[in-house]
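Worksheet: the structure to be examined is printed underneath.
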Amino acid sequence: MTNDGQNAVLKEKHARDVIRWAIETFGSRIAVASSFSMEDIAVIDMAVQVDKNIRVFAIDTGRLNEETYECAEAVRRRYNLIIEWVFPRTERVESLVRERGLYSFRSSIDARRECCAIRKVEPLTRALLGLRAWITGMRREQGVTRSALEKVETDSSHGGILKINPLADWSQDEVNAYTSERDLPVNRLHGRGYASIGCAPCTRAINSGEDVRAGRWWWEDPEHKECGLHGR
Ligand code: SF4
Numbered sequence: 006m007t008n009d010g011q012n013a014v015l016k017e018k019h020a021r022d023v024i025r026w027a028i029e030t031f032g033s034r035i036a037v038a039s040s041f042s043m044e045d046i047a048v049i050d051m052a053v054q055v056d057k058n059i060r061v062f063a064i065d066t067g068r069l070n071e072e073t074y075e076c077a078e079a080v081r082r083r084y085n086l087i088i089e090w091v092f093p094r095t096e097r098v099e100s101l102v103r104e105r106g107l108y109s110f111r112s113s114i115d116a117r118r119e120c121c122a123i124r125k126v127e128p129l130t131r132a133l134l135g136l137r138a139w140i141t142g143m144r145r146e147q148g149v150t151r152s153a154l155e156k157v158e159t160d161s162s163h164g165g166i167l168k169i170n171p172l173a174d175w176s177q178d179e180v181n182a183y184t185s186e187r188d189l190p191v192n193r194l195h196g197r198g199y200a201s202i203g204c205a206p207c208t209r210a211i212n213s214g215e216d217v218r219a220g221r222w223w224w225e226d227p228e229h230k231e232c233g234l235h236g237r
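Written out as structure tokens, the structure is:
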């Protein structure tokens, strides 16, 4: 079936039904990507209910907040999961920081993309090797770069495997309600006004009324606010 056809079938389905369909379709060749945001933990919670051995991977860029590690540990313990942490290539990070310093990403969009390419995109490519699909916690409301997000998409940056976004049509209120109903672990950064979880030096709390992704690379224009994990 085409993605359009599959999206038509899944349009009115609850996220847990989308996840069930994806896991039953791709078996051991699907995994959940997690940055330990509320959305990602909701997705993990639903996926574990379908398959307690679901693969979950996370990228440790080397610049994550302490709160994110604590949250990851809470998730690991709650579900007895083996979180597949993926790290950037040591030699590439060493070259980056020796040649350009620790904050090169603040100097230009290209420099920021270089850092994201080394710390996020290359590890993601390794994490996806051998998979036929991956599941994210992305939502359309998360900004202009995600407004056309579909529940099933082809990830042309990673060999044409499928990217499944079961929360694509969820609002923040729905995420909050699911988190509360299931008493899920919550990254403490959310309680400090962080709508989005990312690297510590590139993510800040947002003010009331600001776009959900306003706290990511706040020195850049909104249309540039993707790191390469989900296209630009
Ligand atoms: Fe580097 Fe910032 Fe991208 Fe993290 S979000 S990889 S620190 S540029």
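One rule links them: number in my numbering = place in the sequence shown (from 1) + 5.
Beta carbons: idealized from backbone N, C-alpha and C, even for Gly.
The C-beta of A182 has fewer than 16 other C-beta atoms within 10 Å across all chains shown, which makes the residue exposed.
Here G67 is exposed. Its C-beta has fewer than 16 other C-beta atoms within 10 Å. Nearest C-alpha to N192 among E78, K168, G148: E78. Taking one beta carbon from each stretch, the stretch 41–59 and the stretch 153–164 have fewer than 3 pairs nearer than 8 Å; the two do not touch. Contact check for V61 and E29: beta-carbon distance about 18 Å, past the 8 Å limit, so the pair fails to qualify. The closest CA to that of I123, considering only G135, R137, E96, M143, is found on E96. Between E215 and the set E146, S185, I166, A36, the nearest pair of CA atoms involves E146. At least one heavy atom of ligand 1 sits closer than 6 Å to the Cβ of F110. Per DSSP, the continuous alpha helix (DSSP H) segment holding T30 begins and ends at 20–31. Judged by the Cβ position, T150 fails to qualify as a neighbour of ligand 1 at the 6 Å threshold, every heavy atom of the ligand being at least this far. For K168, the beta-bridge partners assigned by DSSP are W139, E158.
Here P206 is not near C76, since their CB atoms are 7 Å or more apart.
G198 sits away from R221, with the two beta carbons spaced by 7 Å or more.
With respect to I64, P128 sits close: the two C-beta atoms are nearer than 7 Å. R111: not part of any alpha helix (DSSP H); DSSP gives it neither H nor E. In terms of CA proximity to R81, I59 leads the group I59, L101, S100.
R82 carries a helical assignment under DSSP once its states are collapsed to helix, strand and coil. Within the chosen limit of 6 Å, ligand 1 reaches the beta carbon of R68 through at least one heavy atom. Taking I87 as reference, the option from Y108, V14, V23, V53 with the minimal CA-CA separation is V53. The bridge partners DSSP lists for E71 come to none. When DSSP reads this structure, F62 sits in a beta bridge with A38, E89.
A direct Cα-Cα distance of roughly 7 Å separates T130 from H163.
Rounded to the nearest whole angstrom, the C-alpha separation of A138 and E72 is 28 Å. Residue pairing by DSSP places T95 opposite no residue, since no beta bridge is assigned to it.
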